[in-house]
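Residue numbers (the working numbering), protein chains in the order written: chain A, 1 to 239; chain B, 1001 to 1239; chain C, 2001 to 2239.
The beta carbon of each residue, even a glycine, is placed where N, CA and C say it ideally should be.
Worksheet: the structure to be examined is printed underneath.
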Amino acid sequence: MIGKNCKISDTAIINENVLIEDNVTIGDFCVIGLNPNNKIKKKLIIKKNSIINSHTNIYLGSEIGENNIIGHNVLIREETILGKNIQIGSFSDLEGYLSIDDYSKLHSCVHVGQYSKIMSYVYIFPYVVLTNDPIPPSDIRHGVILEPFSIICTRTTILPGVKIGFSSFIGANSLVNKNVDPEMIGSGNPLRIKGNISNIKIPKTNKNAYPWIDRFKKDYPKEIKEIYTKMREEYLDSE
Amino acid sequence: MIGKNCKISDTAIINENVLIEDNVTIGDFCVIGLNPNNKIKKKLIIKKNSIINSHTNIYLGSEIGENNIIGHNVLIREETILGKNIQIGSFSDLEGYLSIDDYSKLHSCVHVGQYSKIMSYVYIFPYVVLTNDPIPPSDIRHGVILEPFSIICTRTTILPGVKIGFSSFIGANSLVNKNVDPEMIGSGNPLRIKGNISNIKIPKTNKNAYPWIDRFKKDYPKEIKEIYTKMREEYLDSE
Amino acid sequence: MIGKNCKISDTAIINENVLIEDNVTIGDFCVIGLNPNNKIKKKLIIKKNSIINSHTNIYLGSEIGENNIIGHNVLIREETILGKNIQIGSFSDLEGYLSIDDYSKLHSCVHVGQYSKIMSYVYIFPYVVLTNDPIPPSDIRHGVILEPFSIICTRTTILPGVKIGFSSFIGANSLVNKNVDPEMIGSGNPLRIKGNISNIKIPKTNKNAYPWIDRFKKDYPKEIKEIYTKMREEYLDSE
């Protein structure tokens, strides 16, 4: 169940029903494949080249894609489906029954409620919370949807069922209580729309800061511009 | 000092002066009975049927009631008194010298300052902070009081010494700087009172969403309605 | 590499290239000297009398000063330089390439972004975030500067490059989007300046609550008053 060239720390606990592909790294004191009441029948799969840092807990029934980097002290519950090239910051809490698509990055301490749908190339900063319960406490779950290339700044709270449109930018500390159209800036508590993302300029120049595809490279594919352009048509047309 | 049918993980550390009752589960890499300077003389008691999930730290001098579920990575300091059927979400920080009464639920990442008093059937959502220092930094501690059935939504901050009345509802992201009467809705920064809880309706119906006792069952006692009604008289009379 | 009279827990992992001075305590399940890709060449130094509590991760290339107390579940990345008599609360996340000077205290769950500069005698309360990216996401880093004796209350967010002046007081839940002069009160989202710190009184007296040097002793040096007065001249002159 463990592939080639993996580095599994001696102190990591790998439970039954876990499939680990090649070149995976698992740090100290991780617990991989949690299944508290033996109710989860589905395997946990950790795909090739992924890194799980120390003290992280991952439940059975989830899927960690290729080339992911999972921070320290992360909690990932069952039915969490992660695509490839994803980063999950330390202390983040993925509550399960949710998906995160390729190349999305979550910084530290992000709380992702059940039934959230985070599409590709999304960037989420520390202490963002995606909620899901419209009349708390209840058993109703309305997940948040973040469309591709959306950016959610530090400590924003997104209320249940809200959709953030393609490439929109939500400022720090906002409370998002309604849907946001594509390519919009939103901020405040409650949220106010502050115009198109082209209004934000790079400091000391007059160049547009958004979309960031021309100025921020990280590990994104070389064809990021084409990907953006193609997705843009799709998502702006559908609105 | 360890009862019957307990499941204590091999990697959990159980220090001296800890009393564990029957059917208790303790997850991997927990440290149970911390006593850094050997100053705490009181035992730690973990009562029957309780579950402590992995990576959780609990100090000596506290009491974990029956049927509790304590999440992953929780920190519980000395003189924390938990009743029965309580849930404490992962990454929560209970700073000690505080009490939480029966059937109250704290979601992930809740910070409970010293001298907080959380009564029964309270529901607290992620990233709520109960503060206690009126002129920070100081050695003065004015704990927050949450009366029974009160609901504190995601990321609300409650200032020192504030009392939230019976069955009141505090919206997400609020800063609560004054007492809230029973059965009121409050929200915003600073807090504004938005009327009686009967104003909040279940989506797509005209039914009252609060109190939740008719529509949310979880593990509450069958007599929840009678309990609510009786407590309501007591707390509304005393105001 | 380990000094005299140290208490290193059996379950703590001490990697290579770590220098631990006398009388240091390291709790269970800590990982000390992390170096994921073997890229960090600098040592990690933990100076005498410091205490590292359980489940804490510290990377190589940092310096933990004398008499520090580091909480549980803390994450300290490379190039974090801590002075002496510092406290770092549990679940705090020090992202590296930052400095914290003598006698500063961080409560639980404080997030310190790269290139932050926290000077001496600063007090930071839970869930404060010091950000650093002016056009997120980017590779630009403008660190926050907190001058000596500044106080940052619970859940405040400080935007990139902002400087908080000597002995200023920032209220709970604020979003600080501009520099704050010395000895000022600021609060709100966005921040509003509410006058001089002498406006805040100790409850039930007419005495000034700030600076706190006359009323809060903790472990500060006996000459705290002289230190404050001397620094005050320096920082108020320089503005």
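Inset, instruction - Use the C-beta contact count for C:Asp2093: other C-beta atoms within 10 angstroms, 16 or more gives buried, fewer gives exposed. - result: Buried, because 16 or more other Cβ atoms sit within 10 Å of the Cβ of C:Asp2093.
Inset, instruction - May I ask you to report which of helix, strand or coil DSSP gives A:Tyr235? - result: helix
Inset, instruction - Can you give me the Cβ contacts of C:Val2162 inside the same chain, cut-off strictly under 8 Å, excluding the 5 residues immediately before and after it? - result: Val2144, Ile2145, Val2176, Asn2177, Lys2178, Asn2179 and Val2180
Legend entry - Pair within 8 Å by beta-carbon distance, A:Ile32 and C:Pro2136: no
Legend entry - Any chain A beta carbon closer than 8 Å to B:Arg1155: yes
Inset, instruction - Grab me the residues of C:Asn2304's own chain with a C-beta within less than 6 Å of its C-beta, minus the 5 sequence neighbours each way, in chain order. - result: No answer is possible for residue 2304 of chain C: it lies beyond the span of chain C, which begins at 2001 and ends at 2239.
Inset, instruction - Taking C-beta pairs closer than 8 Å, name the residues in chain B that C:Asp2219 reaches, listed in chain order. - result: Within chain B, no residue comes near C:Asp2219; the closest Cβ sits about 12 Å away, beyond 8 Å.
Inset, instruction - Check whether the Cβ of A:Arg141 lies closer than 8 Å to any Cβ atom in chain C. - result: It does not: the Cβ of A:Arg141 has no partner Cβ on chain C nearer than 8 Å.
Legend entry - Minimum Cβ-Cβ distance from C:Ala2012 to chain B less than 8 Å: no
Inset, instruction - State yes or no: is the beta carbon of C:Ile2135 nearer than 8 Å to at least one beta carbon in chain A? - result: yes
Inset, instruction - Decide yes or no for the touch test of the region 2004 to 2019 of chain C against the region 1198 to 1216 of chain B: beta carbon pairs closer than 8 Å, at least 3 of them. - result: no
Legend entry - Exposure of A:Asp10, with buried meaning 16 or more beta-carbon neighbours within 10 Å: Under a 10 Å Cβ-count criterion, A:Asp10 is classified as exposed, with fewer than 16 other Cβ atoms of the shown protein chains found around its own Cβ.
Legend entry - Cβ pair count under 8 Å reaching 3, the region 1057 to 1069 of chain B against the region 1032 to 1046 of chain B: Cβ pair count under 8 Å is three or more, so yes.
Inset, instruction - Look at the alpha carbon of B:Met1231 and the alpha carbon of A:Asn73, and state the distance between them as a whole number of angstroms. - result: Taking C-alpha positions only, B:Met1231 is separated from A:Asn73 by approximately 40 Å.
Inset, instruction - With distances taken Cα to Cα, identify the nearest neighbour of A:Asp237 among A:Glu183, A:Tyr210, A:Lys222 and A:Ser198. - result: A:Glu183
Legend entry - CB of B:Ser1090 within 8 Å of CB of B:Ser1104, strictly: no
Inset, instruction - From the DSSP output, in three-state form, read off A:Glu226 for me. - result: helix
Inset, instruction - Under the assumption that C:Ile2070 contacts C:Thr2080 (Cβ atoms under 8 Å), give the Cβ distance between them as a whole number of angstroms. - result: Contact doesn't hold; Cβ gap of about 11 Å is too wide.
Inset, instruction - Just the C-alpha distance for B:Val1129 and A:Tyr228, rounded to the nearest angstrom, thanks. - result: 39 Å
Legend entry - Start-end ranges of the beta strand (DSSP E) lying completely within the region 93 to 155 of chain A, minimum 3 residues: 98 to 100
Inset, instruction - Using a threshold of 8 Å, state whether the C-beta atoms of C:Phe2166 and C:Tyr2210 are closer than that. - result: no
Legend entry - Local conformation of C:Ser2187 per DSSP, three classes: strand
Legend entry - Segment limits, beta strand (DSSP E) that includes C:Asn2177: From DSSP, C:Asn2177 is part of no beta strand (DSSP E); its letter is neither H nor E.
Inset, instruction - Per DSSP, which residues does A:Tyr59 bridge with? Please list them. - result: A:Leu34
Inset, instruction - Starting from the C-beta of A:Arg141, find all residues in its chain whose C-beta is less than 7 Å away, skip the five residues before and the five after it, and write them out in chain order. - result: For A:Arg141, where only same-chain residues beyond five positions count, the Cβ hits under 7 Å are Gln114, Tyr115, Asn132 and Asp133.
Legend entry - C-beta neighbour in chain C for A:His111, strict 8 Å: no
Legend entry - 6 Å Cβ shell around A:Ile2 - same chain, five flanking residues per side excluded: Ile20
Inset, instruction - Quick one: grab the DSSP three-state call for A:Asn199. - result: helix
Inset, instruction - With DSSP collapsed to three states, give me the class of A:Ile213. - result: helix
Legend entry - DSSP beta-bridge partners of A:Ile70: A:Ile52 and A:Ile88
Legend entry - Residue environment, A:Pro148, which counts as buried when at least 16 other CB atoms sit within 10 Å: buried
Legend entry - Beta-carbon contacts of A:Met35 that lie in its chain and below 6 Å, excluding the five residues immediately before and after: Checking the sequence shown, residue 35 of chain A turns out to be Asn, not Met. Leu60.
Inset, instruction - Please decide whether B:Ser1090 counts as near chain A, where near means a Cβ-Cβ distance under 8 Å. - result: yes
Inset, instruction - Give the secondary structure of B:Ile1164 by DSSP, where H, G and I count as helix, E and B as strand, and everything else as coil. - result: strand
Legend entry - Residues near B:Leu1191 in its chain [Cβ-Cβ closer than 8 Å; skip 5 each side]: Ile1170, Ser1174, Leu1175, Val1176, Asn1177, Lys1178 and Val1180
Inset, instruction - With a threshold of 16 other CB atoms inside 10 Å of the CB of C:Pro2203, please say whether the residue is buried or exposed. - result: With fewer than 16 neighbouring CB atoms inside 10 Å of its own CB, C:Pro2203 falls in the exposed class.
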